[in-house]
Ligand code: NAD
């Protein structure tokens with residue numbers, strides 16, 4: 001099925017090897033230009049979900065017996081096609097989500113790389129052997145697929161997050177039911193379309209679009225689904241964890257962040273400002289790893305704030321598909337209202353707005369906002385406790401490294417953290433004492449590699465890590481086999 005790059009597409013569900021209509025349809029709107037309907041997306045109810053789960057359940061044993069070479073060939077081909085079509089798919093992604101075209105293309109390439117990485121993992125799944133404590137007995141430990149994996153994904157990485165769940169699931173022999181976020185049905189559909197032509201047996205991969213509040217609980221309750229991989233907000237994740245506990249279902253949650261970027265007096269100012277600009281405002285600040293708390297020591301504070309403010313003055317906000325744009329729109333009206341409400345809250349709490357924070361009216365009707373920077377904030381303000389998930393960052397002035405470390409760790413989240421310093425001593429200490437799952441030195445808190453684990457601590461993550469070789473923990477179960485030859 002060809003993708004229309006400018007016209008309205010029809011995004012259907014993919015169940016048991018067939019393209020299926022849903023119960024109703026919703027418009028997929030371009031946040032850069034709300035007159036542009038990217039697609040009509042089907043919305044399914046529980047019956048379609050049940051059929052998808054049945055199909056996955058029927059297909060799972062056959063796929064579990066497929067050879068590593070078969071899995072390698074399919075995943076590698078999927079990865080190659082995604083990368084070959086990066087411009088077209090990147091355009092679709094930016095058109096429906098609002099991140100800049102360069103970011104959209106970059107995300108598509110990342111999705112392709114993930115498939116190719118897990119193609120390789122399929123042919124090097126290790127087992128273990130130990131000597132038994134009993135004479136003459138052999139013991140080996142093997143990893144086996146879980147069965148049917150249910151996946152629930154957010155809107156901010158519409159192709160990369162589904163990719164980094166689907167690819168390891170398939171590589172290790174599982175069947176999949178994906179429920180993508182309502183706001184970005186196009187990228188999930190495009191990925192499903194590639195998978196539908198990849199040689200995967202019918203039913204191994206299924207796509208069902210619909211309301212999370214309806215399909216999510218139903219997916220978790222279904223005994224044929226053995227595990228749930230979720231990425232999204234903390235409140236949704238908390239509910240999913242509770243329901244999975246009730247049904248004794250394996251669960252993995254990747255959720256929000258309030259990621260600190262520490263800037264010390266001895267930092268290279270350009271590096272620090274670059275890291276803050278990228279970390280806080282790229283992808284319109286809509287990244288779980290966004291650097292939303294800038295924890296700056298007093299010797300560099302004023303220079304840092306003024307250099308970052310200068311950069312923000314010239315940051316080009318506009319249509320995601322315009323190559324001149326450096327920051328695209330917010331994803332939708334509701335998220336924009338949330339972002340603006342936090343600007344108001346931060347002001348009421350005593351934060352000083354250095355720049356931005358207002359809704360922008362541009363030539364095209366869209367959800368545009370000027371990137372906001374607050375100064376003179378303290379770590380107990382709501383702006384520094386709660387995830388905004390938009391282009392809003394706040395500066396917290398601290399005395400020295402010790403106070404910076406304390407502030408960085410004083411949060412209920414623990415996804416990513418960063419430090420800008422030229423001191424090996426502080427960098428090394430921070431890597432050890434930061435309570436986040438990912439620590440960056442002289443780099444933005446966002447922007448990660450696909451071949452290493454991704455995930456956090458505290459309220460940011462639950463269950464085993466995603467990505468890299470560590471993904472094997474979630475997508476397999478271990479069998480211990482004893483043999484008396
Ligand atoms: P969300 O929690 O609103 O929705 C995520 C998914 O859950 C969607 O597919 C939605 O339909 C579904 N859902 C909604 N209600 C449900 C329910 N009751 N049961 C089951 N599923 C349900 O999150 P969002 O607004 O799409 O995404 C933004 C959030 O995602 C932010 O908090 C962000 O930090 C987080 N995020 C985290 C990571 C990470 O890896 N840690 C990555 C990207 C985004």
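In full-length UniProt numbering, the protein residues as written are 1 to 485. Just so it is clear, CB atoms sit at the ideal spot from N, CA and C, and this is done for glycine as well. None of these values were measured; they are calculated from a predicted model.
Per DSSP, residue 19 is paired with what? DSSP output for residue 19 lists 14 as bridge partner(s).
Please report the straight-line C-alpha distance between residue 209 and residue 132, rounded to a whole angstrom. Rounded to whole angstroms, residue 209 to residue 132 spans 49 Å at the Cα level.
What residues in its chain sit with their C-beta under 7 Å from that of residue 232, if we drop five residues either side in the sequence? Closer than 7 Å at Cβ, skipping near neighbours: 152, 154 and 255.
Please list, in chain order, all residues of the same chain as residue 127 whose beta carbon is under 7 Å from its beta carbon, the five residues on each side excluded. The answer, listed in chain order, is 140, 141, 142 and 143.
Run through the stretch 238-286 for me and flag every whole beta strand (DSSP E) of 3 or more residues, listed as ranges in chain order. As far as the stretch 238-286 is concerned, its whole beta strand (DSSP E) runs of at least 3 residues are 250-254 and 260-263.
Over the uninterrupted beta strand (DSSP E) stretch that includes residue 187, give me the two end residues. Segment 185-196 is the alpha helix (DSSP H) holding residue 187; no beta strand (DSSP E) there.
Residue-level contact to chain B via CB, residue 19, 7 Å cutoff: In the structure shown, chain B does not exist; there is a single protein chain.
Classification of residue 443 by the beta-carbon crowding that lies within 10 angstroms, buried from 16 upward: Classification for residue 443: buried.
Over what stretch of residues does the beta strand (DSSP E) that includes residue 2 continue unbroken? Premise fails: residue 2 is in no beta strand (DSSP E) and is neither H nor E.
Rounded to whole angstroms, what is the Cα-Cα separation between residue 220 and residue 354? Each residue's Cα considered, the two are about 45 Å apart.
Checking 7 Å against the spacing of the C-beta atoms, do residue 98 and residue 239 come in under that value? No.
Simplified DSSP state of residue 489, which is helix, strand or coil: No answer is possible for residue 489: the residues shown for the chain start at 1 and end at 485.
Reference residue 44, options 179, 76, 374 and 471, closest by Cα: Nearest option by C-alpha distance: 179.
For the alpha helix (DSSP H) that contains residue 101, what are its first and last residues? It spans 101-122 - the alpha helix (DSSP H) in which residue 101 sits, taken as one unbroken run.
Any idea what DSSP makes of residue 61, helix, strand or coil? Note: residue 61 maps to helix in three-state DSSP.
Comparing the CB of residue 152 with every heavy atom of ligand 1, is any distance shorter than 6 Å? Under cutoff, so the answer is yes.
Report whether the distance from the Cβ of residue 189 to the nearest heavy atom of ligand 1 is below 6 Å. No - ligand 1 has no heavy atom lying nearer than 6 Å to the Cβ of residue 189.
Quick check: the Cα distance between residue 266 and residue 301, rounded to an integer number of angstroms? The C-alpha of residue 266 lies about 11 Å from the C-alpha of residue 301.
Under a three-way DSSP split, which group does residue 205 fall into? In the structure shown, residue 205 sits in a strand (DSSP, three-state: E or B).
Is the number of C-beta pairs between the stretch 279-288 and the stretch 387-395 that are closer than 8 Å three or more? Per the Cβ contact rule, the stretch 279-288 is in contact with the stretch 387-395 (3 or more Cβ pairs under 8 Å).
Per DSSP, what kind of secondary structure is residue 80 in: helix, strand or coil? Residue 80: helix per DSSP, three-state reduction.
For residue 56 and residue 303, what's the separation of their Cα atoms in angstroms? Between the alpha carbons of residue 56 and residue 303 lies a gap of roughly 57 Å.
Cβ of residue 173 within 7 Å of Cβ of residue 16? No.
Between the CA atoms of residue 473 and residue 262 - distance to the nearest angstrom: The C-alpha of residue 473 is placed about 32 Å away from the C-alpha of residue 262.
Measuring from the CB of residue 19, is there a heavy atom of ligand 1 at a distance below 6 Å? Distances from the CB of residue 19 to the heavy atoms of ligand 1 are all 6 Å or more.
Pull up the CB-CB distance for residue 257 and residue 460, whole angstroms please, since I reckon it's below 8 Å. The C-beta distance from residue 257 to residue 460 rounds to 6 Å, short enough to fall under 8 Å.
Below 7 Å between beta carbons: does that hold for residue 412 and residue 436? No Cβ-Cβ contact shorter than 7 Å links residue 412 with residue 436.
DSSP-derived helix/strand/coil call for residue 37: DSSP, read as helix, strand or coil, puts residue 37 in strand.
Assuming residue 170 and residue 85 are in contact, meaning their beta carbons sit under 8 Å apart, how far apart are those beta carbons, in whole angstroms? In fact, because the Cβ distance is near 19 Å, the residues do not count as touching under 8 Å.
Can you name the start and end residues of the beta strand (DSSP E) that residue 143 belongs to? That run of the beta strand (DSSP E) goes 138-145.
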